[in-house]
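**Student:**
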Amino acid sequence: GYRVSLQGNFFGHNHTYLTFPEYSPRKHIKLDPPLNIQSNATASKYRIWWSVWNVPWYLAEILQYELQYKEYSMSWEVALNKTLPSSLPQVEMEATEFRSGIAYAARVRCKVSENENSYHSQWSEWSQTTVFQRADVPKVSEKILNTKTMQFLFIPLSFGTLLYLFWNCKLSSRYCCFLTLGQKASPALTFPHQLLSFTHSIVCTTGILR
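Just so we're aligned: the sequence shown equals residues 1 to 210 in UniProt numbering.
#1: Figure out for me which residue from 125, 76, 93 and 62 has the closest Cα to the Cα of residue 114.
#2: Would you grab the beta carbon distance between residue 77 and residue 108 for me? Rounded to a whole angstrom, and I think it's under 8 Å.
#3: Excluding the 5 residues preceding and the 5 following residue 91 in the sequence, name in chain order all residues of the same chain whose CB lies nearer than 7 Å to its CB.
#4: For a test of the three-state rule: what should DSSP assign to residue 244, helix, strand or coil?
#5: DSSP on residue 58, reduced to helix/strand/coil?
#6: Which residues in the same chain as residue 82 place their Cβ atom closer than 6 Å to its Cβ, once the five residues preceding and following it in sequence are excluded?
#7: CB residue 37 to CB residue 50, shorter than 8 Å?
#8: Could you pull the start and end residues of the beta strand (DSSP E) that residue 106 belongs to?
#9: Along the beta strand (DSSP E) that carries residue 83, what are the first and last residues, could you check?
#10: May I ask you to report which of helix, strand or coil DSSP gives residue 26?
#11: Out of 116, 73 and 59, which has the shortest C-alpha to C-alpha gap to residue 101?
#12: Measuring CB to CB, does residue 103 end up less than 8 Å from residue 122?
#13: Can you tell which of 99, 93, 161 and 106 has its C-alpha closest to the C-alpha of residue 45?
#14: Alpha carbon to alpha carbon, how far is residue 39 from residue 128? Give it in angstroms, no decimals.
#15: Short of 7 Å in beta carbon distance, which residues of its chain neighbour residue 30, apart from the five on each side in sequence? Order them along the chain.
#16: With DSSP run on the structure shown, which of helix, strand or coil describes residue 97?
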């Protein structure tokens with residue numbers, strides 16, 4: 001360790017003040033803030049990564065990071081803090097933690113892990129910020145949904161209509177048997193042609209919907 005003292009001249013007299021009788025630099029570390037913070041957002045996850053500068057390798061392996069994030073339009077005073085469990089300079093978060101269509105800002109700081117006994121440090125200053133926004137999954141077009149709905153409704157309705165017309169045709173055919181040769185043909189006799197025309201229109205309409 002080291003012995004640190006403060007000397008000064010007060011009222012024409014030199015004085016020496018003992019500040020730290022035993023000063024250990026490894027117990028008083030303050031690192032530079034992380035650099036080059038970047039982010040990438042997908043529909044399911046957010047990934048944020050950064051780098052550290054001027055940190056010895058033996059400290060880089062025992063660093064602890066704290067992430068702070070907020071809605072872009074809000075103050076940092078209401079930001080959320082998350083202490084990261086890993087010493088790796090990156091983090092992944094679920095997209096469900098964030099609101100859709102809202103831009104977010106994030107920053108990170110570092111220090112030596114509190115679980116380390118050989119070194120001790122205070123938090124570094126905050127890094128620069130990175131801005132990201134949730135990438136939504138494309139929604140199915142309402143037009144496609146409406147077309148599918150019409151197809152599902154049109155098929156049973158058409159089948160019911162055919163049954164109704166077929167039943168009426170059967171009744172009308174029995175009635176036509178009582179007509180004499182000199183009488184004018186009943187409109188019911190033209191039903192087969194109407195049925196074929198109606199069926200053709202159903203097939204055409206279904207093809208259009210597809």
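We put the beta carbon where it would ideally sit given N, CA and C, even for glycine. Keep in mind that this is a model prediction, so the values were computed, not measured.
**Tutor:** In terms of the structure at hand:
#1: 62
#2: 18 Å between Cβ atoms; not a contact.
#3: 48, 67 and 84
#4: Nothing in the structure corresponds to residue 244, since the chain is present only between 1 and 210.
#5: helix
#6: 67
#7: yes
#8: Unbroken beta strand (DSSP E) run through residue 106: 103-112.
#9: 80-83
#10: helix
#11: 73
#12: no
#13: Checked all of 99, 93, 161 and 106; the closest Cα to residue 45 is 93.
#14: 12 Å
#15: Correct list, in chain order: 121, 122 and 124.
#16: helix
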